[in-house]
Every structure is written in C-alpha cells, then in structure tokens.
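Protein sequence lines correspond, in order, to chains A, B, C and D. The first sequence begins at 115 in the numbering used here and counts up one residue at a time. The second sequence begins at 29 in the numbering used here and counts up one residue at a time. The third sequence begins at 1334 in the numbering used here and counts up one residue at a time. The fourth sequence begins at -16 in the numbering used here and counts up one residue at a time. The structure appears right after this line, and notes come after that.
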Amino acid sequence: MPKPIAPPAVDRVYTLNLGPQHPSTHGVLRVLLDLDGEFIVKADPVLGYGHRGHEKMGENRTYKQFMPNTSRMDYLSGLLFNHGFALAVEKFAGIDVPLRAKYIRTICAELNRISSHLLWFGTYVMDLGGFTPFLYAFDDRENILDILDRVTGSRLTYSYCRFGGVCQDVDETFLEMTKTFIDRLRSRFSDYHNLVTKNIIFIHRTRNVGVIHPEQARQFGVTGPNLRACGIPFDVRKMEPYELYDQFDFEIPTGTNGDALDRYNVRLEEMEQSCRIIEQALARMPKGGGYLNRSVSSRLTPPKGEVYFAFESARGLTAYYLVSDGSPHPYRCHIRVPSFSNLHVLVDVLRGTMVADAISILGSIDVVIPEIDR
Amino acid sequence: MGSFMASEWFRLIVGLVIVLAFSQLNALFLVWLERKVAGHIQLRIGPKEVGPFGLLQTIADGIKLVGKELITPRSADNKLFPVAPVLVFMPVLVGFLVLPFAPHLIIRDMNVGVLLIFAFSAFTVLAILAGGWSSNNKYALLGAIRSVAQNVAYEIPLLLAVLSVVLMVNSLQFSEIVKAQGRVWFVFVQPVAALIYLICATAETNRAPFDIPEAESELVAGFHTEFSGMRFGLFFLAEYTNMFIVSAVATSLFFGGWQGPFGFDLGIPGIVWFLAKTYVLIFVIMWVRWTFPRLRFDQLMNLSWKFMIPLSLANLIVTAIVLKLI
Amino acid sequence: MGKKELILQKLREMLPEGAVIQHDAYTSGVAFVARVPVSGIVEAAEVCDRGGAYLESMTGLDFEDTAEIVYHMNVYEPKSRFSLRVLFPHDEKIPTLSGIFSSAVWLEREVREFLGFDFLDHPDPRNLLLPEDADFHPLRKTFGKIAAYRKREEIYA
Amino acid sequence: MGYWKEIVEGGWSLVEGMRVTVRRLWRPVVTVQYPRKQLNLSPAYRGHIELRLFADTGTHKCIACGACQRACPSHVIRVQGIKPHMKSPKKATHYFIDFSRCSLCGLCVETCPTQTLQYSREYELEGDSRWSSVVDLIARQEQSRS
C-alpha cells in the first residue's frame, strides 16, 4: 500500500505539469499533479486536446458514412470498433450476415486485439525504462499489420466491415499467414516472460503498485482487463455473447489484487486466449458462402427507436447507443468508451503514489486518449 | 631547446594533448558503439548512412550540436547556467592522468592515483546539481536532486569495494595494483567486490537501470532538459568519458590492467590488453542498459543503503581477517 | 434471484405503476427500462448502487418538447443491463449523482458541456473536453446544421 | 530466508534477461532500409483514388452522376460534366478531389455505378502547399496517358 502521507503543509505543495507534450502519455493528455516532494497529493487530468466531435458527425452523416469515423476513435483497435458498429446497426435494422463473413470479422477483430495488446506491452515496459521489449513487440505487431493490410488495404484505420459482412473477401495466403503468425507469437511468449515477466526489477516496479479495489472499480465503472485484474471475470464476450463468441471455448483470465502486475498478466494471458479463438475460427471457417449480404441499401433507414449494443474492445466494454427517427441519419449517436472511466479511476488511485509510479500506473491501465476526447 | 625537449614539462604537455585527443575520440567512438549495440540488440541496424558503417555519424551529430543555438531560459541563473556543462566535463578529464594504460605509459604515476580518480569523479555530482538547479525547470530540479541522492548513496559501497582491493595491495598506486595481479586477477580473489564495483559504477555514471536523474519517461530529460546545442553535447560526452574511466579503473583494479590472464602475455603489448578489457566491460554496461527496466527512486536507495553498503562492509572485514591470518 | 431481479423488484415498489417496462428479448440491449421522475432519481440511483450496479454510461437527448437523460447501468452478471430515463424541461436543474457514483462526476461534466443540462451543486462544474471558456453546446440540435429536430413521441411511440 | 532466495532468483532472472537480448545480437536485422530497398505493397493496398483506364474506350467512363460526391463522408469530391448533345450520355470534364482531406474509406469506389474509380498504388505523394493536394483526376489521367 503506498505510504499514507500526512496532510501536506500548504507551502510545500507545488504543481507539476505532466504533459501535454510528455513521452509517456498515450495521446495528448495533461495531468496537473500537486506534488509534495515526490508524492502526489492530487492529480487532475485535463482532456479535450483531441476532441473532433465524432458524436456530432454521427448525427449529420448516414450510418454507412459514419463507418470510417469508428476506426478513428480508438486507433489501436480500429477493427474492433468497426465490427461493433456493424453489429449494432445489423441488430438495429435486422440484417443477417453470411456465416463466412462472421468468421472473417471475428478473426480480424481478435488479430486487432492482439496487436493492440502488443503495442500496450511495448509502450508499458518502455514507460518503466526498458527500451528493448518495445522493439520486439513492434516486430510481432508488424506481422499482424501486414496480415490485415493484405485484406483490408490499410494498416490502422480499416473501415473494413459493412452492414451485412465485409467489403473484401479473404484468400488462402491470409489464412496461412495467420496460422504461421500464431505459432510464431506463441514461441515468442517464452522470450517475453524471460525478459520482462520474471525480471526482478520489473516485479518490484509493478507489484502492489496502483492497486484498484473491486469497490473502487465499481464506483468508477472500470471495465476490461483492469476490472478483470481486480478479480471480477466481467467480459462482454461471455456476459452478452454476440456473433460467434458463444461457439468458441476460451477462458477469461482474472487477477487477484488488482495491481499493475496483475493487469500485465491478465493482458498477456488474453493474447493467448485470442490466439486460441483465432485457431478455432480458422478451423471452422466455411470455404464457400458469400462475404457480404448485398441486399443492404447504402441509405439504410433502421426503424424508429433505439439500440444500445455493447462489445468487448481491447480496453474494455465499448457500446454504441443509436437513437433513430426513421431517417438515414441517426438522431443521436453516443459511444460509451472504456478509457473514459479507466482514466477516471486514476484520479483516485494516484493519490499518495510517487511520480515514477504515476507513469507506471498510467501505462498499466492502457488508456488511449483520443478515445476519451472523441 | 634540447633540454626543454627532455624535461618534465614537455612530457606533461605531450601527455595532456594525447589525453585530450584520446578522450574525445574515445567518447565519439563510444557513442557510435552504443547506438550500434543498441541497434543490433533491437533487431535494427543503428547508424549506417554517414561514413563507412556510420562511423562519421557521431561527428556529424557533434557538428550539428556545435551549430545549434545555445538557448538560455529567461529565468535561468545566467551565471551558473553556462558554467554547469563545463563543470561536468572538466573533472572527468583529470581522471585520465593516472590510468595505467601500459607499464611505462602512465602520464603521472602518482602514489595516490585511486584516490585522485574518485575525488574528481565525485565532483560531477556538484556540476549536475548546478546544471539542474540553474535551469529553473521543475523537471530539471527533480532530476538534479535525485542524482545527488543517488551518487551519494552509491559512492560509499564503491569506495568500500575499492578499499578491499587496496587493502590487499596496501598501496594506492595503480602500477603497484596491476603488478600485484601478475599471477591471478583480483576478480577471482575478490568476486564480491568486483560485482559491487560494477553495479555501483553503473549507478555512478547515471546509466540504466539506475538512470533515474534523466529518466526519459518520467522527467522528460532530467537535469539536462533545458540545455541545448554544445552544452547538451558536453553533458553527453562527459557521460561517455565517465563510462570509459569507470571501466578502465575496473580493468586495472580487478582484471589485471595490462597483463594477460594468469601471467602469460601471449606476446600482445600491454596497452592492447588494457583497451580490450575496458571495451569488453563497456559492452557489458551497454548490454545491461538495453535489457533492464529502470529502478524506482526509493528502491534504488534501498538497494544501496540496505544491501550494497552492508555487503561491501562485510567483504572488507572478511578481507582484513583473511589478510591478518595469512 | 440475481442482483438485477432484486433491483427490478425494489424499483417496481418505489416507482408508480407502469413506470418499469421489461424487455425480456434483450433486443435493444437493456433488460428493463425505468422511467424515473426528476425528484426520484437520487433515490433510484441509491437503490441501484446498493444493489451492486455500476453506472456504465450517461446520455443526454435533446428533443423539441423535452430534454432527457438516460442512465445505463449494468451488474456483473450475464445480460443484465438496465436503464433509468429522466425527462425534464430544458432549463430545469437535475440533482447530481456524483455523491453515489464517483464516475458520475465526469459523465455529468460531459453532458453539461455538450448539451447544456445543468446539475444541482455539482462538485466540479468545469468543462471536461471543450475549452474552458466555451459557452456553446455542440450536441444541442439547434447548434450548427439541423438534421431534424423531432418531438419525443415521434421517436418513442 | 525468503529474502536470500528472492535475491538469488532475482539475480538469475537478470542473467536470463541478458541471455535473451544477447541472442538477438547476431540474429538477422528485421528492419528494411527504406530508400535503398522498398517493401512490396499488399494486393489490396488502398492508395489515393484515381480513374481507371478502360481498354475498350481508352479512357475513363465517368458519367459525372455525382454518386461518389454524395457518398463521400468528408465531402471532398466535386464532379462536373457536360452532355455533348441530346442523345449521348453525360461525360465528365472535371473531377476534383482534395487528397489532404480524403480519409481513404473507399465508399466512393463502391458506389460508382460505372466502376471507373479505383485505388492507386502510389503512396509517395507530396506537395508544397495545402491547395496543391486538390487534384483534377481527369487532367491527371491525361497527363499519365500521354
């Protein structure tokens, strides 16, 4: 438990500006830290540097035109967001999707989840000072980007899903590349464990650092790997199975005391689980069958009413809340974003920790700032 | 003119010129070596464009740094701010005077050689504090305070480890210490002291995993945040020259200076042995830097006060007892 | 008897008849919807908080005749999301939930700056995402190009 | 005694970490030296939009219907066309697109009724000002053809 600090004498507290230009804030974030020596008295994040008004854009674009926006909110899991938006509108307008397209979307989404976790792994260890694992993680991530580039045509902002399937079919080389990638990643895990997980310095820097209690997580609405690290196995793919996730068998890794080390182990284990899902999906994928239900018009008009569709992005529970008034433009398009509440819990967790720990905790909760600013 | 040529003065001036040239070239070479080693460890190449194998890259960086404008923050202490980089660089050069490169290639074989090196290397802390405080930047201040605490904490076990070697040779003269390692190197006699020395040396030169003062991810760039142009270049060169001195002292104290292993020299001249061993040690320091994450500040302190100092004290006592018995 | 059913039962007793509508088919992503009057929102939130729910998201809706805030809450159980809806005129102030759910602090700040719905004695009423001195409310239908400004019953028949 | 065990294990973990990095030292380099060697593009690579050259007519088939103009989420396309005379179909004379604001989502390529738009495989576009990125695809095609 971080040292409970005595109430600071007023004159000794000085404010330090963490960001907005700071190497280890993921995206443009400024945190006003009131410091008493090395210990943080109060942390107040200043947000909005990356606000582009996605929700307002959602209101004056048709559903199909909003698809490119979705992969630009959380640019590390762009395909997961595309997949979620496509599923939300399909559920709303009642569009059925060919089975092959479902498998393609699930494989690509899980690949994107692994690439997002790999990037988190690299930047997190770099925040703690180890520069080399960052390059190894990016070397693996590069394979995923090449695989997805083969199919979707772009590396980060995919806009690959359409209502009723995907916009391009998958060929044999894509399936082989995925298979070889999974075996290669599994062989690299032993190196990562030797280099980082078992490293005594890493363990000392992360054990009992930034502990989030289950009650604290519930108060702030934390979801995703950070919540599972506190011991609550809450994963939307198991709680509200969408698409094919009820047909795959995979576990939900959980931690015990919710510190940075548990969050680290949960995410590494999640990468392993995603590999298992991809393997099962590759095995069961039907050869024939269309990849897009062509009967969907581009000026889609879902019925009046609303839908709230939640799915599991790399950072936690993400949800699209679409209210439609029967016109091709949504009346209100709200996106519930996991990093919003994951960063909010930081305000409570940072009190009493040291500056070096602040960076470690910020890195361990894996926050993407443009996702918060929307 | 002839008498002047053979006199002590001439020898000193030539020695000074050689030392300056050698330390500068060495620092440039080390910067290039570090970027190449880091590159290949991280599966990339490192500098390759400028000159053969990128050898002229550091010179190009140097010219760029010299060309850059020396920015002084408005609220910086304009007397101390320009002086700090020179203060950091000057004591590091003095260390070259007593390094035992080869049997007769010591510029000034003083009988207090070891003491002189550690006295002047303690001076860099003062300069870092001056640099950090005078740039009137919160990050620099934090970095400077941390580096003072770190260097004070790691100076003591460093000296205790060196003391146990000096105790065995009971002389502070480098040539005496190296000659005493004729048959067996001190690293086999004093393994614990060698290990402590290497760890504390890495901490002394602010190298990862102890690079808390200029922790990129926390304090942006630590004490040399506000320095630009050749001022930053001086800080940079001082760090690499310091690294060379620390590993040179380690070779002469523990790895038998200019002597080959177990007495046979295999006909290779002394200086080649000395430089080879020093560069192997420098490679180890670089290798450590690109492998481990950084220690947190209080863990760093605990490691020194609660583990290094007791261990080195115990080692000293054991050496004394063993020497008494023989 | 999961936590969701407990909360549902308590809300049924607390709220007037017909305020709680159940959607068993989970089609629109919620298990049940509770229409809560402005005065009863704090009480309802306390029931949910004691029942072990967490405030997942808060959405403000701007209609021609009325304004609305939808509180989506969820429990760590399968298919157990529910929403509380509060209708109120545009200029009325709504009691804040930051005392009950700490996540409400930022959520309310965001709704306030984007839609201009004010909250009673909010601990930190600054702008969250927009610049500090921004006095416009972008998500109001009157801001910028109006796609369509509908009444509430046109959408929720 | 756990204290000493932790130190021994910690020391061993440090050595193992160093073994991992040193093994990488002589492994082949993974990076590609870009200006010297170029990576081959993926078959589905989405470069900026260009007009397709049809073999039968030797030129593009854009009929200036404006479907892509309406489909574009960021409204960066402006098409103008003329009808040479009563009976003949409309033909596009100008096709302006602003590459700096185009997000390469591909909706225009999908909605084009005559399939005359396609992704190019060019990724090294540059310009000295923001307005130099507003390009007339038809003129560009004339240029590339001649």
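From the three backbone atoms N, C-alpha and C, an ideal C-beta is built for every residue, glycine too. It should be emphasised that the depicted structure is a prediction, and the values quoted were computed from it without experimental measurement.
C-alpha distance - residue i paired with residue j, whole-angstrom precision
i	j	result
Phe38 (chain B)	Gly261 (chain B)	31 Å
Tyr217 (chain A)	Leu406 (chain A)	12 Å
Phe117 (chain B)	Leu83 (chain B)	23 Å
Pro416 (chain A)	Leu1440 (chain C)	28 Å
Leu8 (chain D)	Leu127 (chain B)	31 Å
Glu426 (chain A)	Glu97 (chain B)	51 Å
Ala122 (chain D)	Glu109 (chain D)	18 Å
Arg342 (chain A)	Val193 (chain B)	53 Å
Pro219 (chain B)	Ile87 (chain B)	39 Å
Lys170 (chain A)	Thr129 (chain A)	35 Å
Arg255 (chain A)	Ser229 (chain A)	5 Å
Lys64 (chain B)	Leu232 (chain A)	25 Å
Ser441 (chain A)	Ala374 (chain A)	47 Å
Glu485 (chain A)	Phe214 (chain B)	59 Å
Ile473 (chain A)	Arg488 (chain A)	23 Å
Gly90 (chain B)	Asn234 (chain B)	22 Å
Leu223 (chain B)	Thr368 (chain A)	40 Å
Arg144 (chain A)	Ile65 (chain D)	54 Å
Lys(-12) (chain D)	Val459 (chain A)	36 Å
Val312 (chain B)	Gly335 (chain A)	47 Å
Val46 (chain B)	Phe316 (chain A)	The residue asked about is misnamed: residue 46 (chain B) is Ile in this sequence, not Val. Rounded to whole angstroms, Ile46 (chain B) to Phe316 (chain A) spans 43 Å at the Cα level.
Ile261 (chain A)	Phe82 (chain D)	26 Å
Gln126 (chain D)	Tyr78 (chain D)	14 Å
Ser1436 (chain C)	Lys1474 (chain C)	26 Å
Lys1385 (chain C)	Phe180 (chain A)	According to the sequence shown, residue 1385 (chain C) is Gly rather than Lys. So the alpha carbons of these two residues sit roughly 35 Å apart.
Among the options, nearest to residue i - alpha-carbon criterion
i	options	result
Arg9 (chain B)	D:Thr94, D:Arg10, D:Cys85 and D:Asp39	Residue 9 (chain B) lies beyond the residue range present for chain B, which begins at 29 and ends at 354; the question has no answer from this structure.
His31 (chain D)	A:Ser268, A:Trp234 and A:Arg255	A:Ser268
Val1438 (chain C)	C:Pro1458, C:Phe1447 and C:Leu1448	C:Pro1458
Leu34 (chain D)	D:Asp111, D:Arg2 and D:Gln101	D:Gln101
Ala348 (chain B)	B:Met196, B:Gly288 and B:Phe282	B:Met196
Thr319 (chain B)	D:Leu(-3), D:Glu(-8), D:Gly(-7) and D:Trp(-13)	D:Leu(-3)
Leu188 (chain B)	B:Ile227, B:Ala155 and B:Ile156	B:Ile227
Phe202 (chain B)	B:Thr279, B:Ser256, B:Ile91 and B:Ser175	B:Thr279
Gln70 (chain B)	B:Ala342, B:Trp315 and B:Leu344	B:Trp315
Asp241 (chain A)	B:Ile173, B:Pro237 and B:Leu121	B:Pro237
Ile274 (chain B)	B:Pro185, B:Leu144 and B:Ala229	It is Val, not Ile, that sits at residue 274 (chain B) in the sequence shown. Of B:Pro185, B:Leu144 and B:Ala229, the residue nearest in Cα terms is B:Ala229.
Glu1397 (chain C)	C:Ser1361, C:Ser1435, C:Arg1418 and C:Asp1424	C:Asp1424
Ile475 (chain A)	A:Ile258, A:Pro355, A:Val155 and A:Arg377	A:Arg377
Pro212 (chain A)	A:Arg408, A:Asp297, A:Thr287 and A:Phe252	A:Arg408
His383 (chain A)	A:Leu132, A:Thr176, A:Ser304 and A:Asn257	Here the sequence assigns Glu to residue 383 (chain A), which means His is not the residue at that position. Here the closest residue by C-alpha is A:Ser304.
Ser25 (chain D)	D:Arg104, D:Arg6 and D:Glu(-8)	D:Arg104
Asp349 (chain A)	C:Pro1411, C:Val1369, C:Thr1360 and C:Leu1339	C:Pro1411
Val206 (chain B)	B:Val78, B:Phe290 and B:Leu56	B:Phe290
Integer-rounded CB distance, given that residue j should sit under 8 Å from residue i
i	j	result
Ser57 (chain D)	Arg84 (chain D)	5 Å
Pro96 (chain D)	Ala54 (chain D)	Not really, about 11 Å apart at Cβ, beyond 8 Å.
Ser453 (chain A)	Gly324 (chain A)	Not really, about 16 Å apart at Cβ, beyond 8 Å.
Leu149 (chain A)	Val469 (chain A)	7 Å
Met1347 (chain C)	Cys1381 (chain C)	Their Cβ separation, rounded to whole angstroms, is 11 Å, which puts Met1347 (chain C) and Cys1381 (chain C) out of contact at 8 Å.
Leu146 (chain A)	Val160 (chain A)	6 Å
Asn164 (chain B)	Ser103 (chain B)	5 Å
Gly159 (chain B)	Ala172 (chain B)	7 Å
**Prompt:** Residues in the stretch 45 to 75 of chain B with C-beta within 7 Å of chain D's C-beta atoms, listed in sequence order?
**Reply:** His68, Ile69, Leu71, Arg72 and Ile73
**Segment contact, 8 Å Cβ cut-off, at least three pairs: the stretch 454 to 473 of chain A with the stretch 353 to 367 of chain A** = Contact between the stretch 454 to 473 of chain A and the stretch 353 to 367 of chain A is absent, because fewer than three Cβ pairs lie under 8 Å.
**Message:** Tell me whether the stretch 183 to 201 of chain A and the stretch 260 to 274 of chain A touch, counting them as touching only if at least three CB pairs, one residue from each stretch, are closer than 8 Å.
**Reply:** As far as the Cβ criterion goes, the stretch 183 to 201 of chain A touches the stretch 260 to 274 of chain A, which means the pair count is three or higher.
**Asked** Using a beta-carbon distance cut-off of less than 7 Å, what residues from the stretch 318 to 339 of chain B approach chain D?
**Response** Trp318, Thr319 and Phe320
**Prompt:** Counting Cβ pairs, one atom from each stretch, are 3 or more of them under 8 Å apart for the stretch 336 to 354 of chain A and the stretch 367 to 387 of chain A?
**Reply:** yes
**Item:** Residues within the stretch 280 to 312 of chain B neighbouring chain D, beta-carbon criterion of under 8 Å
**Value:** none
**Prompt:** Which residues, in chain order, does the stretch 100 to 127 of chain D contribute to contact with chain A at a C-beta distance below 8 Å?
**Reply:** Tyr102
**Message:** Residues of the stretch 139 to 168 of chain A in Cβ contact with chain C at a cutoff of 8 Å, in chain order, please.
**Reply:** Leu161, Gly162, His165 and Gly167
**Request:** Note down, in chain order, all residues in the stretch -3 to 8 of chain D with a beta-carbon under 9 Å from any beta-carbon belonging to chain B.
**Result:** Leu(-3), Gly0, Met1, Val3, Thr4, Val5, Arg7 and Leu8
**Interface residues of the stretch 271 to 285 of chain A facing chain D [CB-CB below 9 Å]** = Thr271, Ser273, Arg276, Cys281, Gln282 and Asp285
**Prompt:** Is the stretch 394 to 404 of chain A close to the stretch 190 to 210 of chain A, with three or more CB pairs under 8 Å?
**Reply:** No contact exists between the stretch 394 to 404 of chain A and the stretch 190 to 210 of chain A.
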